[in-house]
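In my numbering, the protein residues as written are 6 to 284.
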Amino acid sequence: MEAVSRTAQWTAAARALETDREDRLFADPYARTVADTIGFELLERYAGAGTVPFLAIRTTYLDRQIVRTVQEHGIRQVVFLAAGMDTRFYRLPWPDGVTVYELDRPALLEAKAEMLAGEPQPAGRTRTAVPVDLTQDWTGPLKEAGWRSDEPVLWVVEGLLFFLPELAVRNLISTLAGHSAPGSVLLGDVISKAALENPLSRPFLKCLEEDGNPWLFGTETPEQLLADCGWDVREVRQPGEDGAHFDRWPYPVPARTVPGVPRSFLFTCDLPTTEVRAA
């Protein structure tokens, strides 16, 4: 697989470690399979303060928001952008009639399909893999795969935005808003700009760059970014704050007013009901 795709196996390895805990926050019985040996090698290579607990918190936050959204909002089409080695189609309690679209590079989707070829398909739900390059047009292939822009959609953008330059980030989030029907929801994560500049981050960032996976984007104002791109922000949480702690975050959380602090943000957004969206 391409170098940029191997980070998906790194995060899968972290999910496997959480699954092995007696006090686990979630169970992902497929994580060790899709992580493979390279995932655990990368997890050791990228090890740093907060890496493993953050990935456990991010997974848990998004798991719970996804389940709540499809149950409470009645959304029946869910799109994972840069789905990587995500296994939520198999392990989450989806309502009947949900279609999960997984967008990612062709090589990654092919490798994932081979790894999970022996797993039974859960009943009552549909998974559709859509091989695309997210830096090119992807809405066309997604529509061809059956997705409808005139029906509410849950977008999940996990572990993606910091790999893109700022213009691409803004274009992507704006595209999601512009192709969403009323009632649509956006979930995801982003890092602070300070996380790219803090000296303590340099060894980790250097490893990512050497492996062909440089982090390029961060923002101190995720609320403004999301609003500028057409979304109403329901909440933004840092690991360790209420709603994003889960008894996993071992560090204090400095106030947002404290400058220069490396931060991660988890967000939930709704589509403004007054906007007219693209068909």
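Every residue, glycine too, gets a C-beta built ideally from N, C-alpha and C. Predicted model only: the values in this text are computed from it and were never measured.
Exercise for the section: On the DSSP bridge assignment, give the partners of Ser-269 in chain order. Expected result: Answer is Ile-196.
Problem - Whole alpha helix (DSSP H) elements within the stretch 38 to 92, 4-residue minimum - result: Those alpha helix (DSSP H) runs which fall completely within the stretch 38 to 92 and span 4+ residues are 56 to 78.
Exercise for the section: In angstroms with no decimal places, state the Cα-to-Cα distance between Pro-2 and Ala-199. Expected result: With the chain covering only 6 through 284, there is no way to say anything about residue 2.
Exercise for the section: Please look up how many angstroms separate the CB atoms of Arg-175 and Pro-136, rounded, as I've assumed it's under 8 Å. Expected result: In this structure Arg-175 does not touch Pro-136 by the C-beta definition: roughly 24 Å separates them, more than the 8 Å allowed.
Exercise for the section: For Trp-160, name the three-state secondary structure that DSSP assigns. Expected result: Trp-160: strand per DSSP, three-state reduction.
Exercise for the section: Output the boundary residues of the alpha helix (DSSP H) element that contains Thr-180. Expected result: Thr-180 -> alpha helix (DSSP H) spans 171 to 183.
Exercise for the section: Could you check which residue in Tyr-256, Lys-117 and His-184 has the C-alpha nearest to that of Asp-142? Expected result: Here the closest residue by C-alpha is His-184.
Practice task
Inspect the CB distances between the stretch 205 to 214 and the stretch 39 to 53 and report whether three or more fall short of 8 Å.
Solution key: Because the criterion of three Cβ pairs below 8 Å is met, the stretch 205 to 214 and the stretch 39 to 53 touch.
Problem - Rounded Cβ spacing between Ala-61 and Ala-21 (contact assumed at less than 8 Å) - result: Your pair Ala-61 and Ala-21 does not check out as a contact, with CB atoms roughly 11 Å apart and the cut at 8 Å.
Problem - Inter-residue Cα distance where the pair is Val-162 and Ile-178 - result: Our two residues, Val-162 and Ile-178, have alpha carbons roughly 9 Å apart in a direct line.
Exercise for the section: Drop a sphere of 10 angstroms on the beta-carbon of Pro-98, count the other beta-carbons inside from all chains shown, and report buried for 16 or more, exposed for fewer. Expected result: Answer is exposed; the Cβ neighbour count stays below 16.
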